[in-house]
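In our numbering, each residue's number is its place in the sequence shown (first place is 1) plus 267.
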Amino acid sequence: SGAVVAQRMTVEKIRNLNEFNNVAKEYRQARSLYESVLTLDYRVAAGEEDPLLVAPEYEKLLETVEKLVIQIQGDEIEAEYTQINTMLQEWVGTDVAVYCQRMSQAISQNNAEYANQAIQYRQVIYDTFSVITENISKIGDEIEGADISDIKKWSPESYVQENIGAIE
Numbered sequence: 268s269g270a271v272v273a274q275r276m277t278v279e280k281i282r283n284l285n286e287f288n289n290v291a292k293e294y295r296q297a298r299s300l301y302e303s304v305l306t307l308d309y310r311v312a313a314g315e316e317d318p319l320l321v322a323p324e325y326e327k328l329l330e331t332v333e334k335l336v337i338q339i340q341g342d343e344i345e346a347e348y349t350q351i352n353t354m355l356q357e358w359v360g361t362d363v364a365v366y367c368q369r370m371s372q373a374i375s376q377n378n379a380e381y382a383n384q385a386i387q388y389r390q391v392i393y394d395t396f397s398v399i400t401e402n403i404s405k406i407g408d409e410i411e412g413a414d415i416s417d418i419k420k421w422s423p424e425s426y427v428q429e430n431i432g433a434i435e
């Protein structure tokens, strides 16, 4: 009927929800970083501005990467979320970091080798984040009261289509 109804939850269920929400918060921050990367990629691919002006912005994202890695490492998470936490740390601290470095180097130095490495890391970023998203989504389905609707409907393609536009 669309009416809002209070949900009765035990202390254990509330604890589980809070633990999940802590990991989901990390995921959403990583996703925000990914959205920034996708935006820069679009700007480069669109060709409407000089890529040399976009290259330093990849380097600037490395500051966000560093802060986010420290935050993810510092968050106290429950044992059942260790794998997701580890995947997020590696994804942010290695995959995204290397990708941003290589994109900046490829553009600034006009270096084909770095461009090829960046292309490889772009795929790694995509594949790994898809796995992380699937894990969060599956776990969230089992947590009573967890709102993961934004996680389930998000994808890099939908983000680009809805927020940036399609390159034609």
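We put the beta carbon where it would ideally sit given N, CA and C, even for glycine.
| Query | Result |
| --- | --- |
| If you drop the 5 nearest sequence neighbours on each side, which residues of the same chain put their C-beta closer than 8 Å to that of ASN288? | ALA413 |
| DSSP on ALA278, reduced to helix/strand/coil? | The identity of residue 278 in the sequence shown is Val, whereas the question assumes Ala. VAL278: helix per DSSP, three-state reduction. |
| Check whether the Cβ atoms of ILE415 and GLY407 lie closer than 8 Å to each other. | yes |
| What residues in its chain sit with their C-beta under 8 Å from that of LEU284, if we drop five residues either side in the sequence? | MET276, ILE410, GLU411, GLY412, ALA413 |
| Using 8 Å for Cβ pairs, my map puts ALA291 next to ILE403. What's the rounded Cβ distance? | 6 Å |
| In chain order, what residues of the same chain have a beta carbon less than 6 Å from the beta carbon of GLY360, not counting five sequence neighbours either side? | VAL336 |
| If I'm right that GLN356 touches GLN340 with Cβ under 8 Å, what's the distance once you round it to whole angstroms? | 6 Å |
| If I'm right that CYS367 touches LEU329 with Cβ under 8 Å, what's the distance once you round it to whole angstroms? | 6 Å |
| Counting only runs that start and end within the segment 286-357, where is the beta strand (DSSP E) found for 3 or more residues in a row? | none |
| Who are the Cβ neighbours of GLU302 in its own chain at under 7 Å, not counting the five residues just before and after it? | TYR426 |
| Using a Cβ-Cβ cutoff of less than 6 Å, which residues in the same chain neighbour VAL278 once the five nearest sequence positions on both sides are dropped? | none |
| Are there 16 or more other CB atoms within 10 angstroms of the CB of VAL311, so buried, or fewer, so exposed? | buried |
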